[in-house]
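Number of protein chains: 2
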Amino acid sequence: MSQGIQKNSSLRFHRNSRFLSAADGLLPALQQTRLQPVGVVDVIADTSEALGWKAIKSPLPASLIERELAPGDEVIIDFGTHCVGYFGLHCESAGSPPDAPAHLQFIFGETAAEMGVPFSEYSGWLSSSWLQQADIYLDVLPEQVRLPRRYCCRYVKIKVISTSAKFNLKLSDIHLNTLTSADSTSLARLHHPDALLDQIDQVSVLTLRNCMQEVFEDGPKRDRRLWLGDLRLQALVNYQTFEQNDLVKRCLYLFAGVTREDGMVSSNLFMKPDVIADDTFLFDYALFFVATLADYIAATNDQQTLEDLWPTAWRQVELALGRVSEKGIVQDSDDWWAFIDWHESLNKQAPAQGVLIYCLMKARELARKIDGENVTLLTAKIDELKNAAMEQLWDENKGFFVSGAAQQTSCASQIWLVLAEIGDNDFRSQLISRLLANPPEIGMNTPYMMHHFIDALISVGETRRATLEIKKYWGGMVQAGADTFWELYDPKRPDFSPYGSKLINSYCHAWSCTPAYFLRKYGL
Amino acid sequence: MSQGIQKNSSLRFHRNSRFLSAADGLLPALQQTRLQPVGVVDVIADTSEALGWKAIKSPLPASLIERELAPGDEVIIDFGTHCVGYFGLHCESAGSPPDAPAHLQFIFGETAAEMGVPFSEYSGWLSSSWLQQADIYLDVLPEQVRLPRRYCCRYVKIKVISTSAKFNLKLSDIHLNTLTSADSTSLARLHHPDALLDQIDQVSVLTLRNCMQEVFEDGPKRDRRLWLGDLRLQALVNYQTFEQNDLVKRCLYLFAGVTREDGMVSSNLFMKPDVIADDTFLFDYALFFVATLADYIAATNDQQTLEDLWPTAWRQVELALGRVSEKGIVQDSDDWWAFIDWHESLNKQAPAQGVLIYCLMKARELARKIDGENVTLLTAKIDELKNAAMEQLWDENKGFFVSGAAQQTSCASQIWLVLAEIGDNDFRSQLISRLLANPPEIGMNTPYMMHHFIDALISVGETRRATLEIKKYWGGMVQAGADTFWELYDPKRPDFSPYGSKLINSYCHAWSCTPAYFLRKYGL
Numbered sequence: 012m013s014q015g016i017q018k019n020s021s022l023r024f025h026r027n028s029r030f031l032s033a034a035d036g037l038l039p040a041l042q043q044t045r046l047q048p049v050g051v052v053d054v055i056a057d058t059s060e061a062l063g064w065k066a067i068k069s070p071l072p073a074s075l076i077e078r079e080l081a082p083g084d085e086v087i088i089d090f091g092t093h094c095v096g097y098f099g100l101h102c103e104s105a106g107s108p109p110d111a112p113a114h115l116q117f118i119f120g121e122t123a124a125e126m127g128v129p130f131s132e133y134s135g136w137l138s139s140s141w142l143q144q145a146d147i148y149l150d151v152l153p154e155q156v157r158l159p160r161r162y163c164c165r166y167v168k169i170k171v172i173s174t175s176a177k178f179n180l181k182l183s184d185i186h187l188n189t190l191t192s193a194d195s196t197s198l199a200r201l202h203h204p205d206a207l208l209d210q211i212d213q214v215s216v217l218t219l220r221n222c223m224q225e226v227f228e229d230g231p232k233r234d235r236r237l238w239l240g241d242l243r244l245q246a247l248v249n250y251q252t253f254e255q256n257d258l259v260k261r262c263l264y265l266f267a268g269v270t271r272e273d274g275m276v277s278s279n280l281f282m283k284p285d286v287i288a289d290d291t292f293l294f295d296y297a298l299f300f301v302a303t304l305a306d307y308i309a310a311t312n313d314q315q316t317l318e319d320l321w322p323t324a325w326r327q328v329e330l331a332l333g334r335v336s337e338k339g340i341v342q343d344s345d346d347w348w349a350f351i352d353w354h355e356s357l358n359k360q361a362p363a364q365g366v367l368i369y370c371l372m373k374a375r376e377l378a379r380k381i382d383g384e385n386v387t388l389l390t391a392k393i394d395e396l397k398n399a400a401m402e403q404l405w406d407e408n409k410g411f412f413v414s415g416a417a418q419q420t421s422c423a424s425q426i427w428l429v430l431a432e433i434g435d436n437d438f439r440s441q442l443i444s445r446l447l448a449n450p451p452e453i454g455m456n457t458p459y460m461m462h463h464f465i466d467a468l469i470s471v472g473e474t475r476r477a478t479l480e481i482k483k484y485w486g487g488m489v490q491a492g493a494d495t496f497w498e499l500y501d502p503k504r505p506d507f508s509p510y511g512s513k514l515i516n517s518y519c520h521a522w523s524c525t526p527a528y529f530l531r532k533y534g535l
Numbered sequence: 012m013s014q015g016i017q018k019n020s021s022l023r024f025h026r027n028s029r030f031l032s033a034a035d036g037l038l039p040a041l042q043q044t045r046l047q048p049v050g051v052v053d054v055i056a057d058t059s060e061a062l063g064w065k066a067i068k069s070p071l072p073a074s075l076i077e078r079e080l081a082p083g084d085e086v087i088i089d090f091g092t093h094c095v096g097y098f099g100l101h102c103e104s105a106g107s108p109p110d111a112p113a114h115l116q117f118i119f120g121e122t123a124a125e126m127g128v129p130f131s132e133y134s135g136w137l138s139s140s141w142l143q144q145a146d147i148y149l150d151v152l153p154e155q156v157r158l159p160r161r162y163c164c165r166y167v168k169i170k171v172i173s174t175s176a177k178f179n180l181k182l183s184d185i186h187l188n189t190l191t192s193a194d195s196t197s198l199a200r201l202h203h204p205d206a207l208l209d210q211i212d213q214v215s216v217l218t219l220r221n222c223m224q225e226v227f228e229d230g231p232k233r234d235r236r237l238w239l240g241d242l243r244l245q246a247l248v249n250y251q252t253f254e255q256n257d258l259v260k261r262c263l264y265l266f267a268g269v270t271r272e273d274g275m276v277s278s279n280l281f282m283k284p285d286v287i288a289d290d291t292f293l294f295d296y297a298l299f300f301v302a303t304l305a306d307y308i309a310a311t312n313d314q315q316t317l318e319d320l321w322p323t324a325w326r327q328v329e330l331a332l333g334r335v336s337e338k339g340i341v342q343d344s345d346d347w348w349a350f351i352d353w354h355e356s357l358n359k360q361a362p363a364q365g366v367l368i369y370c371l372m373k374a375r376e377l378a379r380k381i382d383g384e385n386v387t388l389l390t391a392k393i394d395e396l397k398n399a400a401m402e403q404l405w406d407e408n409k410g411f412f413v414s415g416a417a418q419q420t421s422c423a424s425q426i427w428l429v430l431a432e433i434g435d436n437d438f439r440s441q442l443i444s445r446l447l448a449n450p451p452e453i454g455m456n457t458p459y460m461m462h463h464f465i466d467a468l469i470s471v472g473e474t475r476r477a478t479l480e481i482k483k484y485w486g487g488m489v490q491a492g493a494d495t496f497w498e499l500y501d502p503k504r505p506d507f508s509p510y511g512s513k514l515i516n517s518y519c520h521a522w523s524c525t526p527a528y529f530l531r532k533y534g535l
């Protein structure tokens with residue numbers, strides 16, 4: 012095992028070349044499919060729509076390729092579903108020989124809202140460079156245009172900015188070469204008798220499919236990166252659908268391949284120009300390395316991978332335990348040390364306590380297979396952390412766990428401590444009932460947090476309620492026209508974005524694809 | 012000689028494949044030179060500047076490549092002189108690993124004005140696609156950027172539109188791979204004792220050089236095309252400077268290679284995707300095929316080319332004579348039938364009469380070498396046209412030739428009828444003296460028309476005045492900071508554009524490069 016040091020601003024990283032080379036060997040082939048538009052749309056502002064814009068569909072006019080477009084003309088192409096790929100078209104002139112370059116603008120959108128709201132109005136705090144657009148200047152016509160960047164869209168707005176008085180443009184062969192590493196060979200259709208659940212399953216599967224590229228990306232529009240929190244959920248859905256377990260394995264080796272000097276895995280990796288660990292380190296995400304490895308081993312029984320990666324998993328356990336106070340509680344702080352949910356006001360302490368216990372239980376599963384000596388230690392730690400939580404985080408008057416110095420009551424705290432199996436079954440059942448009857452003010456903002464809510468419901472036997480919640484929440488997105496599940500969805504505030512603009516939200520997001528896991532694994 | 016028909020909207024064209032293949036065989040090699048910036052500039056609005064903007068130069072800070080650029084930052088690079096070529100740079104990130112695409116904007120300008128005036132303010136009637144700009148999105152850093160289009164510039168404004176909060180950009184290896192087919196081997200420096208004239212000569216030569224690409228382009232920024240009116244003047248300068256006579260020959264074969272069904276040569280050709288004749292046909296420009304061929308034969312005595320192209324030249328004579336009325340005067344009309352000058356109010360009839368006679372004299376030069384039988388006919392026509400002009404266009408009271416139904420008096424009419432050698436030397440001398448003393452209201456707008464003015468001055472022996480006018484007019488551009496001569500220049504209205512915006516004017520334009528011809532040929 013050869014190792015090197017990578018300097019990343021002020022941080023130092025270990026690179027494990029054997030792991031990286033194993034990951035390289037697992038690089039999946041990308042399937043390409045050439046997709047034609049199914050129609051054109053007009054978009055109109057409509058406050059009854061979740062995202063405020065409605066697409067009025069027309070079949071693709073056969074005359075589109077005969078239509079001459081002059082400066083100012085625009086057309087919105089509809090590919091009929093959410094796609095990831097490379098866009099191209101054929102552009103020719105009509106009229107006199109083109110005596111000026113043709114300037115065309117393309118806007119790509121996962122949703123009708125991105126077609127309706129001018130990008131110039133964007134004022135979110137994430138980089139505007141994520142807004143998918145391109146301006147091209149064609150000096151010679153005809154030209155077979157192939158835009159060099161990968162886009163993520165259902166709709167493409169094509170606008171002619173300028174030609175000259177002497178010629179117009181005709182467009183043809185509009186297409187998207189879609190990309191995915193998902194191979195549907197092992198994929199069975201669910202054929203759920205409930206039409207909405209069946210649709211939810213299909214949308215889940217498409218969401219996962221479009222996020223499956225050279226790695227499990229979090230979102231093919233944004234951030235197009237391998238995040239550990241997303242990977243864990245994608246892997247769970249994958250075991251029930253595509254069963255491309257080598258892609259999970261590849262991602263685990265990648266995380267283990269570039270770790271911080273102290274051995275901590277990063278919250279996310281960049282793949283290009285080389286595998287680079289981001290300098291964002293999160294308590295919960297690092298621990299999910301352990302959970303993801305345990306789920307992978309449970310699905311595959313891949314002993315070699317367990318032997319290779321157990322030291323990395325164990326190191327996450329050690330580092331996480333290092334943050335536990337003498338009193339057995341994860342220490343809180345004001346910086347971005349744990350993710351849990353996209354929520355401005357959420358205190359992370361109690362949910363992180365839950366994540367830690369949950370992942371220690373996953374570690375114990377693995378230790379039983381490879382590191383028996385540590386099983387006892389892990390059991391002792393799990394008990395200690397559970398007891399400490401019950402003693403110090405439980406508020407008997409409120410009937411809820413509280414978090415942080417301000418003793419905050421949040422959904423996330425209850426859910427993660429239920430998933431940590433605190434208390435007996437009755438205790439957890441009653442806690443969940445209380446949560447349902449009287450939800451704390453600090454609620455849930457993301458499908459990611461909703462996943463854990465559903466998981467917690469199932470863990471206490473509330474499968475009927477879990478099904479209803481899936482229909483209500485993910486079904487709400489389906490009814491709002493989602494082709495793939497969104498990064499963010501709050502039925503009461505459909506415009507919600509933690510980034511300051513719905514335009515920059517991802518509308519095909521890995522952490523939102525888990526209904527297919529619940530429906531298929533638990534037969535909901 | 013094989014011929015085909017090309018359908019070009021409703022017009023039909025003859026393609027002469029032997030001529031086109033001869034032109035192909037003369038395709039010049041392009042010389043590439045990698046140019047580094049010489050400094051950076053700030054631009055400030057300054058009404059004392061000809062184009063309203065001043066560039067304040069600073070040497071290239073050694074620290075530029077160390078400087079971190081954040082969103083909103085911009086830098087204006089100065090290549091020190093006018094260039095044509097492909098732009099590139101190396102872009103890397105500074106800070107955390109780049110977690111969003113980098114969006115950069117480039118604006119290319121031949122002048123400081125293009126750096127100062129936002130392109131969004133452009134409202135001219137030529138296509139805005141000529142405004143040289145590019146937006147790029149870099150998904151992976153570092154990247155060696157090479158923009159795919161050829162640009163024409165002295166200055167490049169580089170603006171960082173967006174990155175993310177986690178990284179900035181560092182730029183290095185900023186360069187332009189300049190292109191020209193001009194080969195300076197035969198070029199001698201003039202070393203004129205008058206410093207301004209010496210500078211005018213050098214600027215002329217650079218103007219020609221930057222227009223010499225695969226053909227003689229009219230302007231490398233706009234229209235980047237082979238125009239006959241420009242070609243004629245470029246060829247004249249070329250014989251005195253680069254002596255790349257094969258490039259003239261190539262352009263003549265190209266014009267003869269694609270002619271209208273009736274044999275008329277187009278005013279201009281497009282080179283890509285194939286040789287295409289524009290559907291703009293101009294009385295004067297078609298006749299200049301004859302003049303350009305005569306000048307080429309005078310310079311080279313290339314008998315084969317004369318034999319090949321004389322029929323095309325003769326056909327232009329026939330077609331032009333077809334427009335002459337029974338009274339021996341070129342018929343006027345309201346459409347764009349002759350160019351003469353960029354002037355809204357100019358009547359073209361009398362100047363066109365001059366152009367016709369001038370080109371018939373050029374045809375006679377050629378006929379003497381190849382088609383003796385037609386010499387007498389040409390002489391008769393020349394005399395008939397001269398007499399008709401004197402009888403019907405001369406206004407004894409005004410002491411000027413008049414043009415069109417409204418009997419307009421213009422500089423262009425006098426100049427072209429002087430160049431047509433109407434009347435005796437004294438008559439023409441007096442006419443020019445009168446023009447100088449009392450210029451008609453309809454003046455001259457372009458260096459192109461100014462060329463013919465200088466030519467007319469020299470033709471009547473006013474070489475001293477010609478020199479003064481060159482110093483005043485082209486010297487004015489030099490003093491205004493021109494690296495190359497501009498398409499349009501009116502000292503009284505430096506903002507003048509026949510296209511509605513100075514931004515779209517070409518600032519390196521073929522028809523403006525002729526001082527080097529006058530200075531070198533006539534030893535001014």
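Sequences listed follow chains F and U, in order. Note that the working numbering numbers the first sequence so that position 227 is 238, with each residue one more than the last. Note that the working numbering numbers the second sequence so that position 498 is 509, with each residue one more than the last. Using N, Cα and C, we set each Cβ at its ideal position, and we do this for glycine too.
Rounded separation between residue i and residue j - CA only
i              : j              : result
residue 44(U)  : residue 122(U) : 21 angstroms
residue 514(F) : residue 133(F) : 7 angstroms
residue 215(U) : residue 68(F)  : 59 angstroms
residue 82(F)  : residue 103(F) : 14 angstroms
residue 129(U) : residue 431(U) : 46 angstroms
residue 527(F) : residue 420(F) : 30 angstroms
residue 105(U) : residue 172(U) : 16 angstroms
residue 371(U) : residue 48(F)  : 59 angstroms
residue 165(F) : residue 518(F) : 10 angstroms
residue 23(F)  : residue 286(F) : 14 angstroms
Rounded Cβ spacing between residue i and residue j (contact assumed at less than 8 angstroms)
i              : j              : result
residue 85(U)  : residue 169(U) : 6 angstroms
residue 427(F) : residue 366(F) : 6 angstroms
N-terminal and C-terminal residue of the beta strand (DSSP E) that residue i is part of
i              : result
residue 180(U) : 178-191
residue 418(F) : Note, residue 418(F): premise wrong, no beta strand (DSSP E); not H, not E.
residue 470(F) : Looking at the DSSP string, residue 470(F) is not in any beta strand (DSSP E); the run it does join, the alpha helix (DSSP H), is 458-470.
Option in the options with minimal Cα separation from residue i
i              : options                           : result
residue 524(F) : 460(F), 473(F), 505(F) and 474(F) : 460(F)
residue 1(F)   : 383(F), 117(F) and 321(F)         : Lying before the first or after the last residue shown, residue 1(F) is absent from chain F, which here runs from 12 to 535.
residue 174(U) : 149(U), 265(U), 501(U) and 222(U) : 149(U)
residue 40(F)  : 326(F), 171(F) and 257(F)         : 257(F)
residue 516(U) : 203(U), 139(U) and 92(U)          : 139(U)
residue 60(F)  : 491(F), 368(F) and 498(F)         : 491(F)
residue 55(U)  : 90(U), 468(U), 505(U) and 126(U)  : 126(U)
residue 163(U) : 191(U), 38(U) and 263(U)          : 191(U)
Enclosing alpha helix (DSSP H) for residue i [first to last residue]
i              : result
residue 378(F) : 360-381
residue 303(U) : 294-311
residue 474(U) : 474-490
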